[in-house]
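What follows is one structure encoded as structure tokens, with my remarks underneath.
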């Protein structure tokens, strides 16, 4: 069994390496943050324990003995490695702090952010998450946000975009009572003869044209109807009430399908497309608090699937 290292040995070896590098007790003491006399005692104690002389000392210079040069060659890589490991541990111990401004669409917030809030608060008590939830397409940088979660088709150029979750699909849906009174559309063009519940992006002048896919191409249908809203919850309620046909994310009406409260329509023209992305400006060095929030959101998203 190899001999045990004396508790002060690492400090003494580090001190010896510093003196050997600087060729000066005063400069090495300044580098290590100790006095010259304390440094000299460390080196003397190391020499006594080893039973060899490591340094030649004069009033004007310090140089290595043959034994000192051999020892330095053996320990220098280990000293560097241990010093780096200790510094890394100190850095890791300093938890990220600060405010992170995040903009989220409603559905994305419910799906990816709200579930991780308790874990984020426990793991990073000094991070403040300033969370704005609305469906407006904002200028992330111009509006002062650090990051945003939105669907792929409205991501700004020059943004880093990290995929979250699986593909999503939009479906035309209606209540059985509506279909019994007005009939079932057989093609997307038939929607022009129906009462439709329309969606408008907040801040946009007109309603969204419903998009469908056929023979390798997307096409849109500018439907009409008695209601235009920027609230997806209102759209669901209106469809359930039989006011008209709505165009909704499939995931938001799965329960209504299971209960028979809503019926999916034109499914063969509705294909999945890439869903949500966590996006942020390209930056040379990311703030630790932002990195912590991004990693937490992504780890929560991974755990959900």
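In this note's numbering, the protein residues as written are -1 to 303. Every residue, glycine too, gets a C-beta built ideally from N, C-alpha and C. This one's a predicted model, so the numbers in the text were calculated from it and none came from an experiment.
| said: Rounding to the nearest angstrom, what Cα-Cα distance links residue 317 and residue 148 in this structure? | reply: The structure shown does not extend to residue 317, since the chain is modelled only from -1 to 303, so the question has no answer here.
- Query: Using the rule of at least 16 other Cβ atoms within 10 Å of the residue's Cβ for burial, across every protein chain shown, is residue 165 buried or exposed?
  - Reply: exposed
So residue 44 and residue 10 are supposed to be a Cβ contact under 8 Å. How far apart are they, rounded? 4 Å
Next on the checklist: Assess contact between the region 107 to 121 and the region 255 to 262, defined as three or more Cβ pairs (one per stretch) separated by less than 8 Å. Is contact present?
Outcome noted: They do not touch, by the three-pair rule.
Rounded distance between the beta-carbons of residue 290 and residue 125, thought under 8 Å = 6 Å
Between residue 298 and the rest of its own chain, which residues show a CB-CB distance below 8 Å, the 5 nearest in sequence each way excluded? 110, 113, 114 and 117
(Q) Less than 6 Å between C-beta atoms, sequence neighbours within five positions excluded: which residues of the same chain meet that for residue 106? (A) 147 and 274
Less than 8 Å separating the beta-carbons of residue 41 and residue 68? Contact: no.
Item to check | Inter-stretch contact (C-beta, 8 Å, three-pair minimum) for the region 240 to 260 and the region 167 to 182 | outcome: yes
Assign residue 326 to one of three DSSP states: helix, strand, or coil. Because the chain spans -1 through 303 in this model, residue 326 falls outside it and cannot be assessed.
key: Three-state class that DSSP yields for residue 58 in the structure shown   = Here DSSP, grouped into helix, strand and coil, assigns residue 58 to coil.
Close-in-space but distant-in-sequence residues of the same chain around residue 228 (CB under 6 Å, 5 per side omitted) = 198 and 200
Excluding the 5 residues flanking residue 159 on each side, which residues of the same chain have their C-beta closer than 8 Å to its C-beta?
150, 153, 275, 276 and 277
For residue 0, which residues from the same chain have a beta carbon less than 8 Å from its beta carbon, with the 5 sequence-adjacent residues on both sides left out? Residue placement at residue 0 is poorly supported in this model, since its pLDDT is 45, which falls under 50; the coordinates are not used for a value here.
Paired residues, beta bridge with residue 40 - DSSP
DSSP, once it has assigned bridges, lists no residue as partnering residue 40.
- Please report the residue range of the alpha helix (DSSP H) in which residue 219 lies. Looking at the DSSP string, residue 219 is not in any alpha helix (DSSP H); the run it does join, the beta strand (DSSP E), is 215 to 219.
In whole angstroms, what separates the C-alpha of residue 203 from that of residue 222? 15 Å
(message) Taking the alpha carbon of residue 100 as the reference point, which residue from 137, 167 and 73 has its own alpha carbon closest?
(response) 137
Report task. Rounded to whole angstroms, what's the CA-CA distance from residue 103 to residue 187? Just pull it up for me. Result -> 29 Å
**Request:** Could you pull the start and end residues of the alpha helix (DSSP H) that residue 263 belongs to?
**Result:** Premise fails: residue 263 lies in the beta strand (DSSP E), 261 to 263, not in any alpha helix (DSSP H).
query = residue 233 by DSSP, collapsed to three states: which one?
reply = Residue 233: helix per DSSP, three-state reduction.
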